[in-house]
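J.: Okay, so the sequence shown: first residue is 8 according to full-length UniProt numbering, each after it adds one. A virtual CB, placed ideally from N, CA and C, is assigned to each residue, including glycine. It should be emphasised that the depicted structure is a prediction, and the values quoted were computed from it without experimental measurement.
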Amino acid sequence: RAPFDPHDPLGVDDLLSPEDRAVRDTVRDWARDRVLPHVADWYERGELPVIRELARELGAIGALGMPLTGYGCAGASAVQYGLACLELEAADSGIRSMVSVQGSLAMYAIHRYGSEEQRQEWLPRMAAGEVIGCFGLTEPDHGSDPASMRTYAKRDNGDWVLNGRKMWITNGSVAGVAVVWAQTEEGVRGFAVPTGTPGFSAPEIHHKWSLRASVTSELVMDDVRLPGDALLPGATGLGGPLSCLNHARYGIVWGAMGAARSCFEAALDYARSREQFGRPIAGFQLTQAKLADMAVELHKGILLAHHLGRRMDAGSLRPEQVSFGKLNNVREAIEICRTARTILGANGISLEYPVMRHATNLESVLTYEGTVEMHQLVLGKALTGIDAFRG
Ligand code: TGC
Ligand code: FAD
């Protein structure tokens, strides 16, 4: 029998193939070398100054649009993509977020709904990290309810003219292409908008106390004139953007467990070395109860992520199952981080340790890609057959 491993108490590693482990280790090593030494500083300064450099490096290791096929994408399995998300978010949610938006939202939308010309134009450079993408669905007055969006695209002599505002858009100010969702005469449609188009601007949002090592922006579109072929031809209706969200939410199911793992490991190390009342605090039953509960939720969450990954690879994953995973894993991850914070005492609030950074990041993760309440209502509707979103 293999010895008990405190970092893998259920032996989940046995579920991985050698290729899965290679992907995980490549991303883990990259994050250890390129993110961990700097991330507390970026976080304190509230910026991600090297985002373009990081994007190219992530492109070089195949992490952008990882499960997509062709156009320079890695064609990895869903499980491998999930493992990458976990390792990136163990470094910082902001890095995973950049990768999620690039691959699972902007690239996925173009790959699935774009014309062949649009795919050729954008995807190879996005996979290489030469062009950064963003995904504009949320508006200042319409977040959980995107069906009520006001951004409008009007046909004009074969062109489209786009007007509106998007809010809280990851990668917005550094993007070369924005996938923007808008109302049209024929319902919600998507557009691949080159961000240099006159009338388009993306002011960065400052004063965030979460996701500080991440670029978040407003998108302002004032009479943005686009050629007819900027329309993503394959997406009609709200199902278009919502299907992209399934993929990004799936990555978060894994990613959140990365933040939780980082906090659990910090708490375990600290508890073994910190002494009070003449003994390591790990020796107190109350601390052991916290560590045991954290480990149980962490590894249940990782198992759940594996299960959903296998379903995605088999083509049988349902959106409600993604909601199940996102709801559970982000909610449990933030609890793990908060508990880790208590074990570290006053040191828990310091940027010298990762726990407060992860805990404040997860406040955003709890809200974006569908709030806790949205995922409860998705599951509530699936369980009862009654749609409770509108009263
Ligand atoms: P509803 O009437 O239920 O659905 C409209 C159409 O969409 C279809 N659909 C889906 N299709 C694929 N996947 C899903 N998950 C889908 N959910 C719904 C549905 O079948 C229908 O199709 P059709 O053909 O019948 O028209 O829509 P609703 O208006 O009642 O809204 C449902 C609700 C509330 C669940 C949805 O609006 C929602 O998910 N709201 C949350 C919004 C959200 O998550 N926004 C995220 C923005 S992007 C972001 O946050 C990026 S963060 C950065 C990072 O990822 O790191
Ligand atoms: P609201 O929808 O106003 O919700 C406020 C509260 O009301 C929540 O608790 C919500 O659950 C609750 N609520 C709403 N409706 C109901 C109901 N029917 N029943 C019960 N409770 C309800 N969006 C993008 O499009 N692209 C991005 O790249 C992106 N990146 C983001 C990055 C960050 C750092 C953050 C914080 C957000 C980002 N978002 C992005 C936006 C995110 O998706 C939205 O914030 C989210 O969908 C919630 O919308 P809202 O903030 O408008 O909250």
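Pick from Thr76, Ile309 and Lys388: whose alpha carbon is nearest that of Gly18?
T.: That would be Ile309, whose Cα lies nearest to the Cα of Gly18.
J.: With which residues is Glu211 paired in a DSSP beta bridge?
T.: According to DSSP, Glu211 bridges with Ser224.
J.: Please state whether DSSP places Met174 in a helix, a strand or coil.
T.: Strand at Met174.
J.: From the DSSP output, in three-state form, read off Ala182 for me.
T.: Coil.
J.: With a 10 Å radius around its C-beta and 16 neighbouring C-beta atoms as the bar for buried, classify Glu380 as buried or exposed.
T.: It counts as exposed.
J.: Can you tell me whether Met319 sits near ligand 1, meaning its C-beta is under 7 Å from at least one heavy atom of the ligand?
T.: Incorrect: Met319 has no Cβ contact closer than 7 Å to ligand 1.
J.: Excluding sequence positions up to five away, which residues of its chain have a Cβ less than 8 Å from the Cβ of Ala278?
T.: Cβ neighbours of Ala278 beyond the five flanking positions: Pro287, Ile288, Ala289, Thr294, Leu298 and Ile350.
J.: How should Thr158 be labelled, buried or exposed, when 16 other C-beta atoms within 10 angstroms of its C-beta is the threshold for buried?
T.: Result: buried.
J.: Over the uninterrupted beta strand (DSSP E) stretch that includes residue 409, give me the two end residues.
T.: No statement about residue 409 is possible, as the shown extent of the chain runs from 8 to 398 and does not include it.
J.: Considering just the uninterrupted stretch of the beta strand (DSSP E) at Cys141, what are its terminal residues?
T.: It spans Gly140 to Gly143 - the beta strand (DSSP E) in which Cys141 sits, taken as one unbroken run.
J.: Please indicate yes or no: does the CB of Pro147 lie closer than 7 Å to some heavy atom of ligand 1?
T.: Result no, Cβ not under 7 Å from ligand 1.
J.: In angstroms, rounded to a whole number, what distance separates the CA positions of Tyr78 and Ala70?
T.: Tyr78 and Ala70: Cα-Cα distance of roughly 14 Å.
J.: With DSSP as the reference, identify every bridge partner of Ala199, one or two as the case may be.
T.: According to DSSP, which records beta bridges pairwise, Ala199 is partnered with Val186.
J.: Let me know if residue 417 comes out buried or exposed under the rule of 16 or more other beta-carbons within 10 Å of its beta-carbon.
T.: Residue 417 is absent from the structure shown; the chain starts at 8 and stops at 398.
J.: Assign Trp129 to buried or exposed, taking buried as 16 or more other Cβ atoms, counted over all protein chains shown, within 10 Å of its Cβ.
T.: Buried, because 16 or more other Cβ atoms sit within 10 Å of the Cβ of Trp129.
J.: What separation, rounded to the nearest whole angstrom, lies between the Cα atoms of Pro205 and Arg232?
T.: Going from the Cα of Pro205 to the Cα of Arg232 covers about 8 Å.
J.: If we count Cβ pairs, one from each stretch, closer than 8 Å, do we get three or more for the stretch 170–183 versus the stretch 210–225?
T.: Yes, since at least three Cβ pairs between the stretch 170–183 and the stretch 210–225 fall closer than 8 Å, the two stretches touch.
J.: Using DSSP bridges, identify the partner residues of Glu146.
T.: DSSP output for Glu146 lists His149 as bridge partner(s).
J.: Just verifying my parser: in three-state terms, what is the DSSP assignment at Thr346?
T.: Looking at Thr346 - three-state DSSP - the assignment turns out to be helix.
J.: How should Thr346 be labelled, buried or exposed, when 16 other C-beta atoms within 10 angstroms of its C-beta is the threshold for buried?
T.: Thr346 should be labelled buried.
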